[in-house]
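Counting the sequence shown from 1 gives a position; the numbering used here is that position plus 10.
Virtual Cβ for every residue (Gly too), placed ideally from N, Cα, C.
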Amino acid sequence: MAVEIRLPQRGMGRSEATITHWHKAEGDLVEEGEVLVEYESSKVTEELRAPARGLLSRIFYHENEEAEVGEVLALIVSEDEAGAAASS
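Here it is as structure tokens:
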């Protein structure tokens, strides 16, 4: 089952953020707690960490793109799921 990486609500009144840097690319292995992406909101840069170990299977918002709070930025799938998808 894919794990959705969503833009979190951080502070009052902020409804969007700009993606500033991805630390991983699609297909990369990520570890739980590893920094995945940096984003800027209200002139403050924050990091978003991986909530689970797996493969970064899809990035929906790329650097310099703006995302709304709650939007899915990326998906992480287990290595087993990624292997099954590749072999089918």
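Run of the beta strand (DSSP E) containing residue i, from where it starts to where it stops
| i | result |
| --- | --- |
| V82 | V82 to V87 |
| E78 | E76 to E78 |
Identified DSSP bridge partners for residue i
| i | result |
| --- | --- |
| V13 | I86 |
| E99 | In this structure the chain extends from 11 to 98, so residue 99 is not present and cannot be described. |
Cβ neighbours of residue i in the same chain (closer than 7 Å, five flanking residues each side left out)
| i | result |
| --- | --- |
| E89 | G64 and L65 |
| V87 | A12, G64, L65 and S67 |
Own chain residues within Cβ distance below 6 Å of residue i, not counting five before or after
| i | result |
| --- | --- |
| S51 | R24 and A27 |
Sequence-distant residues of its chain with Cβ nearer than 8 Å to residue i (five each side left out)
| i | result |
| --- | --- |
| V82 | E14, I15, R16 and F70 |
| Between the stretch 73-80 and the stretch 54-63, are three or more C-beta pairs nearer than 8 Å? | no
| field | Whole beta strand (DSSP E) elements within the stretch 31-64, 3-residue minimum | value | 45-51 and 54-59
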